[in-house]
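**Q** Numbering (the working numbering), first residue to last: 93 to 215. For each residue, glycine too, the CB sits at the ideal point set by N, CA and C. The structure presented is a predicted model; accordingly, all values stated were derived computationally and were not measured.
1) Quick one: give me the first and last residue of the beta strand (DSSP E) that residue 212 is part of.
2) Classify residue 165 as helix, strand or coil using the three-state DSSP reduction.
3) By alpha-carbon positions, which one of 192, 213, 211 and 197 ends up nearest to residue 203?
4) Determine, using beta carbons only, whether residue 201 and residue 165 come nearer to each other than 8 angstroms.
5) May I have the straight-line CA-CA distance separating residue 125 from residue 173, to the nearest angstrom?
6) Which residues does DSSP pair with residue 156 in a beta bridge?
7) Give the DSSP-derived three-state secondary structure of residue 93 in the structure shown.
8) Report the rounded CA-to-CA distance for residue 127 versus residue 183, giving the unit in angstroms.
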């Protein structure tokens, strides 16, 4: 979904799609120590099938992230798989901070970053 983000100026309007925000947020979340992967069970299964048939880049950019953009504000949902031995609260807090900073760097106001821990990667 694409919504106006910067309002109307003398030169026109600026819009940022939810897909762009999802890519920004996914890239930021992946940099957090303790995040082993993004996406729920189904997304990871589909991705493994795509990998096996040679489509290893399809869907990776924003997998595990959804964003709602409205009137220059953003709400982001991130589904993560944690590395074994990590402290849930520390990793999810770091994901929220990194995603917020990254999205705000593009001039958007972040209302919330919701983090759902879907699994733990063991081994």
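**A** Let me lay it out:
1) 201-213
2) strand
3) 192
4) Cβ distance < 8 angstroms, so residue 201 and residue 165 count as in contact.
5) 11 angstroms
6) Under the DSSP definition of a beta bridge, residue 156 lacks any partner.
7) Because the pLDDT at residue 93 is just 43, under 50, the model does not fix this residue reliably, and the value given afterwards should be weighed accordingly. Coil, per DSSP.
8) 7 angstroms
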